[in-house]
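Asks: Residue numbers (the working numbering), protein chains in the order written: chain D, 1265 to 1665; chain G, 1265 to 1665. Glycine is no exception: its CB is placed at the ideal position from the N, C-alpha and C atoms. Owing to the predicted nature of the structure, the values given are computational and were not obtained by experimental measurement. One structure follows; several queries about it will come next.
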């Protein structure tokens, strides 16, 4: 008799965004004439720029001719042109990697969910609180004991970057620029974690999916800008927010061969991730990788950063608009997320309903990202400008606080 | 101190195809003037037909305009147009499904590797022997005890379709048309497994990735053609071999809500797979799904089946060529794989080296697919016609048996 995996029953009920969708649909059904404005899910809205479209289109046309047709890739870690372009990007940042350190994938969500597979099931895992729900959920689904999870609160008091865990941990998830708080770690802050990890042979999983939104030159876009990180950190990144690939699907992970785990075998973590990916994944789409190469070209970068500037224009408007309403906000400077304190200490879901009912604006309750997110609310800068302005107008006029 | 996952150390050393690549490269290095002909990996070689190229190209162009741009999908299970087209395909086969039974993915490899996650870690799993290595490897990596695996030998004596397992099992992987043996299960053979599964509340994972290669009308292309399968079987399928999407990446799985596991909760397996996919995967590429819709159009099907006919022409040539050499072959009639008995009872890898050295032809050792594959050898029909003919000529002239 087949039995279902009981670890799934230990997950929190449903995923955050389906619940948001449900409440939004209920509101629309009850108020069919109201226009609902979405500042919730971090979904991109702007079309892909010409150079990227050309790259993708050329990827399609290559498949139409026998001379340029390609099937399975030699291994699942990515096409040589794609991996070389990523290598060059890191090189330009002063970071030396080996081609075999780079694993191209279908996105940061898959990688941040699957990476836990290469660690022992009894590992003690530390998470920022609040955090992207996939880190915790994937570890629960894999069968790890959630009683042993270590949560590192990110609060107004610590500037939304955690202190080192008090108990000993094996694996630490860090995300900067942070989803959901919009906080960006400094080199000094990351150095403290890197030193801890090297001293304790712990591993940092660094989610840099929003690194393209950093404009302050002193803030690190990669954890490998911090000395010592190559022996203790895995970095995950994505084309979703840098290039509008949320639906196109492309990302990458760096697992340096220098990383050393408890057993001291150099390169083992890299080898295990290669084995995981080669066994359970068949590579990102060849068409999509051609688009990725175009994103990383000089012209592609120039065009993609225009779109990023547009989104950051939204972020500035949202920040200013909320502040004008007397609301305390964080993030939104080197990150596409605005993390607002709910007015009058309201609970996050209570404010969700209030904002939807009064201003017809959908956001994301902070408590959906963890206990320390309670009393906060996430707004995203990825909207269309007119909608962002309309949402802010409505908040200004209709939200009663 | 982070520790690596010890389950990975229990995997057989390396994946089959990297070893083939290694030996092939060594031969080429030692014999630089020899032309090596590959009939090994099941990789497609023919360009995509015009209707499919148009679908993909239109998918790219939609992303260039704000009106048609799409980002994240509502859920990871696929675009409505894609799911509806699949629903219609099953309907035309007399199979009624619900849209929510269908999960579009980036390919059958991912799905057949990930599906084990929704079953209890202590499940007793049965595999055909020989079989696609991903089934066994993914279960080992998940932490299942390989001492408890049940292997169902597929031999010349049973026509390469297994008898029911003698001990009680919970989950059964079946693949038809079979990779690697090219054997195709009859309705009667599948019915025996379906009845067993329903009687024992076991679950069948049916890999139908090669179903497009079935031309005999009496052979089932879907397990749901067999009465009772909807309450016990998950079906996995792919566009890789039907439409040449080996590099493009698109597949789907069917998890009917009717399936009942031990706990008797109807729809639970469907709900768990939805949770797994929504948490750990962000959907197949929107561009690629537009290509999938084109594949499923009447014109797309017509064009794709011309390519399938071409490959099956290769299969007939390989079968006839080997038989003319006095070699015993199986498969290759309703399947793109030819399963040959090695001459004079040679071991599979011994024959690999002999075929490479004497005829300069690369194939796949049967023992790489399991113990019962020893003494067999897999050839693939996915080559370019001229190369297939050249390989057969070389075998005829140069292979000493």
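Does any CB atom of chain D fall closer than 8 Å to the CB of residue 1344 of chain G?
Replies: Looking up residue 1344 of chain G in the second chain gives position 80. No, residue 1344 of chain G lies away from the interface with chain D (no Cβ there is under 8 Å from its Cβ).
Asks: Does the distance from the CB of residue 1594 of chain G to the CB of residue 1445 of chain G come in under 8 Å?
Replies: Translated into the one-based positions of the second chain, residue 1594 of chain G becomes position 330. Translated into the one-based positions of the second chain, residue 1445 of chain G becomes position 181. In this structure, residue 1445 of chain G lies closer than 8 Å to residue 1594 of chain G by Cβ.
Asks: Would you say residue 1552 of chain G faces chain D, with C-beta separation under 8 Å as the test?
Replies: The residue given as residue 1552 of chain G occupies position 288 in the second chain. So yes, residue 1552 of chain G belongs to the interface.
Asks: Quick one: is residue 1347 of chain D buried, meaning 16 or more other Cβ sit within 10 Å of its Cβ, or exposed?
Replies: Here residue 1347 of chain D refers to the residue found at position 83 of the first chain. Under this definition residue 1347 of chain D is a buried residue.
Asks: For residue 1373 of chain G, which option in G/1341, G/1471, G/1435 and G/1587 has the closest C-alpha, if you only look at C-alpha atoms?
Replies: For the purposes of this step, residue 1373 of chain G is identified with residue 109 of the second chain, where counting begins at 1. With distances taken between Cα atoms, residue 1373 of chain G lies closest to G/1471.
Asks: Once you ignore the five residues that flank residue 1659 of chain D on each side, which residues in its own chain have a CB closer than 8 Å to its CB?
Replies: Walking along the first chain from the start, residue 1659 of chain D turns up at place 395. 1585, 1586, 1589, 1619, 1623 and 1625.
Asks: Assuming residue 1602 of chain D and residue 1596 of chain D form a contact by the criterion Cβ under 8 Å, report the distance between their Cβ atoms to the nearest whole angstrom.
Replies: Here residue 1602 of chain D corresponds to residue number 338 of the first chain, with the count starting at 1. Here residue 1596 of chain D corresponds to residue number 332 of the first chain, with the count starting at 1. Confirmed, about 4 Å.
Asks: Please classify residue 1397 of chain D: does DSSP put it in a helix, a strand, or coil?
Replies: Taking the first chain and counting its residues from 1, one reaches residue 1397 of chain D at position 133. Residue 1397 of chain D: helix per DSSP, three-state reduction.
Asks: Please report the distance separating the alpha-carbon of residue 1394 of chain D from that of residue 1508 of chain D.
Replies: Here residue 1394 of chain D is taken as the residue at index 130 of the first chain, counted from 1. Here residue 1508 of chain D is taken as the residue at index 244 of the first chain, counted from 1. Those two C-alpha atoms are separated by around 25 Å.
Asks: Name the one or two DSSP bridge partners that residue 1439 of chain G has.
Replies: To locate residue 1439 of chain G, count along the second chain from 1; it is residue 175. Partner(s): G/1471.
Asks: With a threshold of 8 Å between beta-carbons, can residue 1459 of chain G be considered close to chain D, or not?
Replies: Here residue 1459 of chain G refers to the residue found at position 195 of the second chain. No, residue 1459 of chain G lies away from the interface with chain D (no Cβ there is under 8 Å from its Cβ).
Asks: To the nearest whole angstrom, what separates the beta carbons of residue 1381 of chain D and residue 1540 of chain D, a pair I think is in contact under 8 Å?
Replies: Numbered from 1 along the first chain, position 117 holds the residue referred to as residue 1381 of chain D. Numbered from 1 along the first chain, position 276 holds the residue referred to as residue 1540 of chain D. The Cβ separation is near 6 Å, so the contact holds.
Asks: Taking the alpha helix (DSSP H) that residue 1576 of chain G falls in, what are its first and last residues?
Replies: Here residue 1576 of chain G refers to the residue found at position 312 of the second chain. Note, residue 1576 of chain G: alpha helix (DSSP H), 1562-1588.
Asks: Among the candidates D/1487, D/1292, D/1371 and D/1411, whose CA atom is the shortest distance from the CA of residue 1389 of chain D?
Replies: If you number the first chain from 1, residue 1389 of chain D lands on position 125. Taking only the C-alpha atoms, the option nearest residue 1389 of chain D is D/1411.
Asks: Once DSSP output is grouped into helix, strand and coil, what is the label at residue 1523 of chain D?
Replies: As a working mapping, residue 1523 of chain D is identified with position 259 in the first chain. If DSSP states are grouped into helix, strand and coil, residue 1523 of chain D belongs with coil.
Asks: Identify the continuous beta strand (DSSP E) that holds residue 1517 of chain G and give its terminal residues.
Replies: By one-based count along the second chain, residue 1517 of chain G stands at place 253. Residues 1515-1518.
Asks: Using a Cβ cut-off of 8 Å, which residues of the region 1286-1317 of chain G contact any Cβ in chain D, in chain order?
Replies: 1305, 1307, 1308, 1309, 1310, 1311, 1312, 1314 and 1317
Asks: Tell me whether residue 1430 of chain G is buried or exposed, calling it buried when 16 or more other Cβ atoms sit within 10 Å of its Cβ.
Replies: Walking along the second chain from the start, residue 1430 of chain G turns up at place 166. Residue 1430 of chain G comes out exposed.
Asks: Just tell me which of D/1643, D/1307 and D/1605 has its CA closest to the CA of residue 1665 of chain D.
Replies: By one-based count along the first chain, residue 1665 of chain D stands at place 401. Measuring from the Cα of residue 1665 of chain D, the nearest candidate turns out to be D/1605.
Asks: By DSSP, does residue 1282 of chain G sit in helix, in strand, or in coil?
Replies: The sequence position of residue 1282 of chain G within the second chain is 18, counting from 1. DSSP places residue 1282 of chain G in helix when its eight states are reduced to three.
Asks: Between the beta-carbon of residue 1521 of chain G and the beta-carbon of residue 1365 of chain G, is there less than 8 Å?
Replies: Looking up residue 1521 of chain G in the second chain gives position 257. Looking up residue 1365 of chain G in the second chain gives position 101. Against a cut-off of 8 Å, the Cβ pair of residue 1365 of chain G and residue 1521 of chain G comes out as a contact.
Asks: How about residue 1543 of chain G and residue 1402 of chain D: are their beta carbons less than 8 Å apart?
Replies: Within the second chain, residue 1543 of chain G is the residue found at index 279, counting from 1. Within the first chain, residue 1402 of chain D is the residue found at index 138, counting from 1. A contact, by the Cβ cut-off of 8 Å.
Asks: Where does residue 1345 of chain D land, buried or exposed, given buried means 16+ other C-beta within 10 angstroms?
Replies: Walking along the first chain from the start, residue 1345 of chain D turns up at place 81. By the 10 Å Cβ count, residue 1345 of chain D comes out exposed.
Asks: Given a cut-off of 8 Å on the beta-carbon distance, is the pair residue 1307 of chain D and residue 1335 of chain G in contact?
Replies: The count along the first chain starts at 1 and reaches residue 1307 of chain D at position 43. The count along the second chain starts at 1 and reaches residue 1335 of chain G at position 71. Yes, these two residues count as a Cβ contact at 8 Å.
Asks: Quick one: does residue 1545 of chain G have its CB under 8 Å from some CB of chain D?
Replies: Counting from one through the second chain, the residue named residue 1545 of chain G turns up at place 281. At least one chain D Cβ lies under 8 Å of residue 1545 of chain G.
Asks: Could you say which of G/1519, G/1655 and G/1551 lies nearest to residue 1343 of chain G if we only look at CA atoms?
Replies: Numbered from its first residue, the second chain carries residue 1343 of chain G at position 79. If we check each option's Cα against that of residue 1343 of chain G, G/1551 comes out closest.
Asks: Could you give the distance in angstroms between the alpha-carbon of residue 1368 of chain D and the alpha-carbon of residue 1461 of chain D?
Replies: Numbered from 1 along the first chain, position 104 holds the residue referred to as residue 1368 of chain D. Numbered from 1 along the first chain, position 197 holds the residue referred to as residue 1461 of chain D. Rounded to the nearest angstrom, the two C-alpha atoms are 25 Å apart.
Asks: Assuming residue 1655 of chain D is part of the alpha helix (DSSP H), what are its boundary residues?
Replies: If you number the first chain from 1, residue 1655 of chain D lands on position 391. Segment 1649-1662, the alpha helix (DSSP H) holding residue 1655 of chain D.
Asks: Check each candidate in G/1312, G/1286 and G/1316 and name the one with the smallest Cα separation from residue 1561 of chain G.
Replies: Taking the second chain and counting its residues from 1, the one referred to as residue 1561 of chain G is at position 297. Looking at the Cα atoms, G/1316 is the closest of the given residues.
Asks: Please list the partners that residue 1525 of chain G has in chain D, where partner means a Cβ-to-Cβ separation under 8 Å.
Replies: The residue you call residue 1525 of chain G lines up with position 261 of the second chain. The answer, in chain order, is 1265, 1266, 1267 and 1268.
Asks: Three-state secondary structure (DSSP) at residue 1289 of chain D?
Replies: Position 25 of the first chain, counted from the start, is the residue given in the question as residue 1289 of chain D. Helix.
Asks: Please name the residue in G/1647, G/1636 and G/1645 whose C-alpha comes closest to that of residue 1419 of chain G.
Replies: To locate residue 1419 of chain G, count along the second chain from 1; it is residue 155. Per the Cα distances, G/1636.
Asks: Are residue 1375 of chain G and residue 1500 of chain G touching if we call contact CB-CB under 8 Å?
Replies: Walking along the second chain from the start, residue 1375 of chain G turns up at place 111. Walking along the second chain from the start, residue 1500 of chain G turns up at place 236. Their beta carbons are under 8 Å apart, which means residue 1375 of chain G touches residue 1500 of chain G by this criterion.
Asks: Return the CA-CA distance between residue 1321 of chain G and residue 1650 of chain D, expressed in angstroms with no decimal places.
Replies: Here the question's residue 1321 of chain G lines up with position 57 in the second chain. Here the question's residue 1650 of chain D lines up with position 386 in the first chain. Answer to the nearest angstrom: the Cα atoms are 30 Å apart.
Asks: Can the beta-carbon of residue 1600 of chain D be found less than 8 Å from the beta-carbon of residue 1612 of chain D?
Replies: On the first chain, residue 1600 of chain D is found 336 positions in, with the first residue counted as 1. On the first chain, residue 1612 of chain D is found 348 positions in, with the first residue counted as 1. No, the pair does not count as a contact, with Cβ atoms beyond the cut-off.
Asks: How would you label residue 1538 of chain D, buried or exposed, when you count the other beta carbons within 10 angstroms and need 16 or more for buried?
Replies: On the first chain, position 274 is the one that residue 1538 of chain D refers to. By the neighbour-count rule (16 or more Cβ atoms within 10 Å), residue 1538 of chain D is buried.
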